[in-house]
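These notes are about the structure you will find just below.
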Amino acid sequence: LKVLEPEGSPSLCLLKLMGEKGCTVTELSDFLQAMEHTEVLQLLSPPGIKITINPESKAVLAGQFVKLCCRATGHPFVQYQWFKMNKEIPNGNTSELIFNA
1 LKVLEPEGSP SLCLLKLMGE KGCTVTELSD FLQAMEHTEV LQLLSPPGIK
51 ITINPESKAV LAGQFVKLCC RATGHPFVQY QWFKMNKEIP NGNTSELIFN
101 A
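With the UniProt record's numbering applied, the sequence shown corresponds to residues 1 to 101, in that order.
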């Protein structure tokens, strides 16, 4: 097996050689696309964030509790941050936000 040799796997050898030659990730991407290895390109540029549940507008009376929910998927994982008037809400880093209106 090539993996057991001192220089490592064929992929590692290729990346090392490309680094020595000064090749960029863009050149690698173009090369892989020309060879129709598009499944590998997903590793170079993972899919973006996809919002699966958007927060809904709610009308409540002053003093009532409000629960807002947002869900998203992404690679490798999604982080949340809620804002009010363009300012981060303290501890607002989960997919749900509950507050007193």
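A virtual CB, placed ideally from N, CA and C, is assigned to each residue, including glycine.
If distances are taken between C-alpha atoms only, which option among the options comes closest to residue i?
i	options	result
F77	K67, S11 and K50	K50
How is the alpha helix (DSSP H) around residue i delimited, first residue to last?
i	result
E20	P10 to K21
residue 161	The structure shown does not extend to residue 161, since the chain is modelled only from 1 through 101, so no value can be given for it.
Look up residue i in the DSSP assignment and give the residues it is bridged to.
i	result
N100	F65
T73	K50
K87	K84
Please state whether the Cβ-Cβ distance between residue i and residue j is less than 7 Å.
i	j	result
F65	N100	yes
E88	Q79	no
L32	V25	no
residue 142	H75	The question about residue 142 has no answer, for the chain in this structure spans 1 to 101.
| message | Could you check whether the region 82 to 100 touches the region 58 to 74, counting it as contact only if at least three pairs of C-beta atoms, one from each stretch, sit closer than 8 Å? | response | yes
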